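Participant: Each number in our numbering comes from the position in the sequence shown (counting from 1) with 373 added on.
Ideal placement from N, C-alpha and C gives every residue a C-beta, glycine not left out.
All figures in this text were calculated on a predicted structure; none of them were measured in a lab.
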Amino acid sequence: LFLLIVSRINYALKMMSESPEYQQDNLLSPTVAHFPSGTLFHLFSTPVYATRVSNLDEIQEEIGRSYRKNTFTYKEDFGMTHQLSDTSFGGNVIVKDGLKAFEKAIHFHLCNYMTGIKFPQDARSSKSNLEDVKYTISQSWWSKFGHRDYAHVHNHGNSDVSGVYYFQAPSSAEIATHNTAWGNQPEGSIYFSSPAPSSVTSFVYAHYAFKQSMLAEVGKMVLFPAYLDHGVTTNETKEDRVSLAFNINFDKS
């Protein structure tokens, strides 16, 4: 039922997005380095979208009510690494708790994301048709990382797009007191692994497989391909790092 409800809400919403300005590394033809006798390109890039929500206070207040009404437990299969509001990952707190403002923010930035990667692309007209795209927020759940909590490398491969929103993160003052191998990011930052794992063992291309991390900051939303491996570094602070994650599936009919 909740999938039907979310689908109908999304169908009713008008697709909208901002107009991107593509820089030198235009989609599918990113020039990296010019030489007198040749040019270096990166052909298979991975699109990751990051933003700060504009209506921060409204969203924080809305999802804060959801956070306070949910209970958290460790998933033993994960080795007691961090706490979840739903250890089955089958629920949807966005629907259950009626997070309308948050859903609208997801919708707006998802449209930006899809516009940026030029999806969908009509083969006949070469024009995007965002107004025809239908999708469902299929799952959503809270994650809480206390002191020394972390997340193993994993992906959400059964979905199309995955996202995370940071509701709570250690203050800048506390972060500044730490110095870790990941730099001054001790609060459990998300990191992404290469989608081409064979490059990890390559003598020439191993540096292309270095993990890329992103600081957890209150009000930040990140959207990325669900197939992309990611994890969360250890929270070395005494303050909980809390995020709301979600998966999106597009109607393929």
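Figure out for me which residue from Phe481, Asn443 and Asp505 has the closest Cα to the Cα of Asn465.
Facilitator: Minimum Cα distance to Asn465 is reached at Asn443.
Participant: Is Asn531 helix, strand or coil when you go by DSSP?
Facilitator: Of the three classes helix, strand and coil, the one that applies to Asn531 here is coil, per DSSP.
Participant: Taking 8 Å as the cut-off, decide whether the C-beta atoms of Ser616 and Tyr538 are in contact.
Facilitator: Yes, they are a contact pair.
Participant: Taking just the CA atoms, how far does Val468 sit from Ile382?
Facilitator: Any reading at Ile382 must be qualified, since the residue scores a pLDDT of 47, below 50, and its modelled position is unreliable; no value is offered.
Participant: For Gly556 and Phe597, what's the separation of their Cα atoms in angstroms?
Facilitator: The pLDDT assigned to Gly556 is 47, lower than 50, so where the model puts this residue is not dependable, and the model offers no usable value.
Participant: Which residues in the same chain as Gly536 place their Cβ atom closer than 6 Å to its Cβ, once the five residues preceding and following it in sequence are excluded?
Facilitator: Cβ within range, chain order: Leu596 and Phe619.
Participant: Helix, strand or coil for Val422? Go by DSSP, reduced to three states.
Facilitator: A small correction: the amino acid at residue 422 is Tyr; Val does not occupy that position in the sequence shown. Looking at Tyr422 - three-state DSSP - the assignment turns out to be strand.
Participant: Take Tyr440 and list the residues in its own chain whose beta-carbon comes closer than 7 Å to its own, dropping the five residues that flank it on each side.
Facilitator: Only Trp515, Phe540 and Val615 meet the Cβ criterion.
Participant: Would you check if there are 3 or more beta carbon pairs closer than 8 Å linking the region 565 to 581 to the region 442 to 462?
Facilitator: The region 565 to 581 is not in contact with the region 442 to 462.
Participant: Please state the DSSP three-state secondary structure of Asn622.
Facilitator: Correct three-state label for Asn622: strand.
Participant: By a C-beta neighbour count over all protein chains shown, 10 Å radius and 16 as the cutoff for buried, is Asp450 buried or exposed?
Facilitator: Classification for Asp450: exposed.
Participant: Within 10 angstroms of its Cβ, does Val577 collect 16 or more other Cβ (buried), or is it exposed?
Facilitator: Per the 10 Å Cβ criterion, exposed.
Participant: Mind checking which residues open and close the alpha helix (DSSP H) that includes His482?
Facilitator: First-last of the alpha helix (DSSP H) with His482: Lys473 to Gly489.
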